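Below: the structure, in structure tokens.
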Amino acid sequence: TRKDYAAMKLTLYLLVGSAFILIGIIATFVYANNLGIRSFDIQTLSTIEYSSSFQKFAFFLMLIGFGILVPMWPFHTWSPDGHVAAPTAVSMLHAGVLMKLGGYGIIRAGVFLFPEGAKYWVPLIAVISIANVVYGAMVAMAQKDLKFVIGYSSVSHMGYVLLGIASLNFEGIDGAVAQMFAHGIMTALFFTLIGNIYHQAHTREIDRFGGLIHQMPRVAIGFIIAGFASLGLPGLNNFVAEFLIFLGSHDEPRKLFSIIPFKAISIMAILGIVITAAYILKVVQSTFLGPRKEEWDHLEDAKGVEMIPIVMLAGVLIFFGLFPSPLIDLIHSGAMSLMGKISDIGMIMGGF
Numbered sequence: 088t089r090k091d092y093a094a095m096k097l098t099l100y101l102l103v104g105s106a107f108i109l110i111g112i113i114a115t116f117v118y119a120n121n122l123g124i125r126s127f128d129i130q131t132l133s134t135i136e137y138s139s140s141f142q143k144f145a146f147f148l149m150l151i152g153f154g155i156l157v158p159m160w161p162f163h164t165w166s167p168d169g170h171v172a173a174p175t176a177v178s179m180l181h182a183g184v185l186m187k188l189g190g191y192g193i194i195r196a197g198v199f200l201f202p203e204g205a206k207y208w209v210p211l212i213a214v215i216s217i218a219n220v221v222y223g224a225m226v227a228m229a230q231k232d233l234k235f236v237i238g239y240s241s242v243s244h245m246g247y248v249l250l251g252i253a254s255l256n257f258e259g260i261d262g263a264v265a266q267m268f269a270h271g272i273m274t275a276l277f278f279t280l281i282g283n284i285y286h287q288a289h290t291r292e293i294d295r296f297g298g299l300i301h302q303m304p305r306v307a308i309g310f311i312i313a314g315f316a317s318l319g320l321p322g323l324n325n326f327v328a329e330f331l332i333f334l335g336s337h338d339e340p341r342k343l344f345s346i347i348p349f350k351a352i353s354i355m356a357i358l359g360i361v362i363t364a365a366y367i368l369k370v371v372q373s374t375f376l377g378p379r380k381e382e383w384d385h386l387e388d389a390k391g392v393e394m395i396p397i398v399m400l401a402g403v404l405i406f407f408g409l410f411p412s413p414l415i416d417l418i419h420s421g422a423m424s425l426m427g428k429i430s431d432i433g434m435i436m437g438g439f
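Residue numbers (our numbering): 88 to 439.
Here it is, written out as structure tokens:
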């Protein structure tokens with residue numbers, strides 16, 4: 088069955104990712120142990136001067152291991168399958184927590200411990216981020232199932248997180264962490280609304296719907312808010328995050344492979360927003376707008392307890408979209424020690 092397939096695929100992918108992370112952690116411990124430091128404490132390990140070759144090796148392990156969690160192209164296919172097979176609550180946790188552990192791990196265990204290794208692998212991260220953004224958006228556009236659309240949309244949006252990390256500057260890192268927060272809230276909102284529809288309609292096929300705004304106005308409004316957040320509309324949390332990421336990647340003076348300006352990468356990433364607008368507006372139009380269909384007259388709008396997650400999640404998107412300072416200040420204070428380590432090693436250019 089689809090659920091068995093998705094469960095096995097997810098288990099195998101995450102097992103391989105965990106193996107890479109474990110090898111990286113053990114290698115770091117052995118390196119520290121040879122210097123007389125027996126500790127797994129990340130603050131203690133961050134004080135060690137690792138050799139350049141070890142940093143490149145260890146960061147690559149962390150990048151692949153945590154990158155599978157992100158999910159990073161081409162290791163992304165477990166994520167949409169997992170979203171579709173899982174019940175609504177698990178999909179919300181999957182998007183809001185599990186995927187964010189990947190981005191957090193790359194920043195915390197990768198960039199923080201091995202900044203020189205991070206700078207070396209920047210070209211690879213930047214290229215993969217564009218693959219995530221554009222490929223994820225184009226595949227999402229071709230989907231017929233609501234959950235698959237949001238699943239591949241998540242692959243695309245997490246590409247912006249990788250782009251922010253690749254820029255290795257304050258704006259980029261702040262934007263990457265803010266994007267993880269915003270995407271988690273937005274995707275959880277999408278999944279609770281899709282779950283509400285599926286629970287009653289027993290289908291998620293976009294082509295079968297139409298005019299649901301007549302039967303489910305509150306669900307439709309929630310979906311439109313999440314859709315606008317997805318395409319980075321000003322006034323919503325995702326706009327703030329994506330703006331910071333584009334600012335960071337556009338201001339980065341370095342060149343990838345000594346020929347491609349970082350500005351070109353940020354311009355290519357903006358293409359992802361255009362494609363996102365195309366498929367999100369298409370889904371909203373096909374599912375909720377248009378003439379009323381009598382076959383869906385039995386559907387009931389969200390009410391009572393069902394409104395709690397919708398109102399809370401939409402409220403968070405709007406609040407931090409209008410007042411981003413509390414969130415960005417919190418993220419910025421955490422990024423300061425990280426940026427201190429990156430600036431300490433100077434402008435070592437990434438390359439192969």
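For glycine and all other residues, C-beta sits at the position ideal for the given N, C-alpha and C.
Note that the structure is predicted; figures quoted are calculated from it, not measured.
query	result
What residues in its chain sit with their C-beta under 6 Å from that of Gly183, if we drop five residues either side in the sequence?	Gly271, Ala275
Determine which residues share a DSSP beta bridge with Asp128 and list them.	BP columns for Asp128 are empty, so no partner.
Should Ser126 go down as buried or exposed, given a rule of 16 or more other Cβ atoms within 10 Å for buried?	exposed
For Pro413, count the other beta carbons within 10 Å of its own beta carbon; 16 or more makes it buried, fewer makes it exposed. Which is it?	exposed
Could you pull the DSSP bridge partners for Asp416 from this structure?	Answer is none; Asp416 lacks a bridge partner.
Specify the secondary structure class of Asp232 as computed by DSSP and reduced to three states.	strand
Based on DSSP bridge pairs, tell me the residues matched to Glu292.	Asp232
Leaving aside the five residues before and after Gly282 along the sequence, list all residues of the same chain whose C-beta is less than 6 Å from its C-beta, in chain order.	Thr175
Nearest to Ser420 by alpha carbon, out of Ala265, Met273, Leu400?	Ala265
Since Ile332 and Gly391 should fall inside the 8 Å C-beta cutoff, what is the C-beta to C-beta distance between them, to a whole number of angstroms?	Not quite, the Cβ-Cβ distance comes to about 38 Å (not below 8 Å), so this is no contact.
Which same chain residues, not among the five before or five after Tyr222, have their C-beta less than 7 Å away from its C-beta?	Trp160
Would you identify the three-state DSSP class for Phe257, choosing helix, strand or coil?	helix
What number of angstroms, rounded off, separates the C-alpha of Tyr285 from the C-alpha of Leu386?	10 Å
Buried or exposed, going by whether 16 or more other CB atoms sit within 10 Å of the CB of His181?	buried
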